[in-house]
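Per our numbering, the sequence shown starts with residue 1311, numbered consecutively.
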Amino acid sequence: MDEPFYVSGLKFSCKRCSVCCRHDAGFVFLSESDLDKLTAALKMDKDKVIKMYCRWVKDWKGEETLSLKEKQNKDCILWDGGCSVYNERPLQCINFPFWESILSSSKSWKITALDCPGINTGKLHTKEMIDELLQKNSVFPIINKKRGEL
Ligand code: SF4
1311 MDEPFYVSGL KFSCKRCSVC CRHDAGFVFL SESDLDKLTA ALKMDKDKVI
1361 KMYCRWVKDW KGEETLSLKE KQNKDCILWD GGCSVYNERP LQCINFPFWE
1411 SILSSSKSWK ITALDCPGIN TGKLHTKEMI DELLQKNSVF PIINKKRGEL
């Protein structure tokens, strides 16, 4: 099998500029573990967190999955001068930009780098580290309405 383009590793250190959290429509999909962390961070019960901060959206397979809401200006609902739950933020945010979709090709990595000043700077993530981050996504599946996970 061909080696991925990131076989020699990729550099990334977040600059905390919030570009990826604001002004642009997008989904932040949530796992049960993410929801538990948010419930604790927001000091609310789970139903209230879902009602106030979450929405059901169709994923890439057309299935309804749980995502964070956005404000009208497309900022993440949890953005308030910075991430208001930074230490308990969802895995999708922790793993950015090491997402399967972004790592699918060097072109996609380069396109993402146009908007993210942290890409190709700072800490070197080895292929092993990147593969481990990718693996975590399958350990914590996104909440899916059809499978009756909530
Ligand atoms: S755009 Fe990149 S550097 Fe800026 S907050 Fe997001 S991950 Fe960090």
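Idealized CB from N, CA, C, for every residue including glycine.
Unbroken alpha helix (DSSP H) stretches of 4 residues or longer found wholly inside the stretch 1391 to 1429: 1401 to 1405, 1416 to 1423, given in chain order. Distance from the C-beta of Phe1337 to the nearest heavy atom of the ligand SF4 is not below 7 Å. Leu1320 is positioned such that its CB atom lies closer than 8 Å to that of Ile1440. In this structure, the ligand SF4 has a non-hydrogen atom nearer than 7 Å to the beta-carbon of Cys1426. Within the stretch 1340 to 1375, the complete alpha helix (DSSP H) segments of 4 residues or longer fall at 1342 to 1352, 1356 to 1363, listed in chain order.
With three or more CB-CB distances shorter than 8 Å, the stretch 1416 to 1436 counts as touching the stretch 1316 to 1336. Where Leu1444 is concerned, the enclosing alpha helix (DSSP H) starts and stops at 1437 to 1449. For Asn1454 and Lys1433, the gap between their C-alpha atoms comes out near 34 Å. Membership of Phe1322 in the beta strand (DSSP E) is indicated by the continuous run 1320 to 1322. Comparing C-alpha distances from Cys1393 to each of Ser1323, Glu1438, Leu1352 shows the shortest one belongs to Leu1352.
In the pairwise beta carbon analysis, the stretch 1441 to 1451 is classified as not touching the stretch 1364 to 1384: fewer than three pairs are separated by under 8 Å. Taken through DSSP and simplified to helix, strand or coil, Cys1327 comes out as coil.
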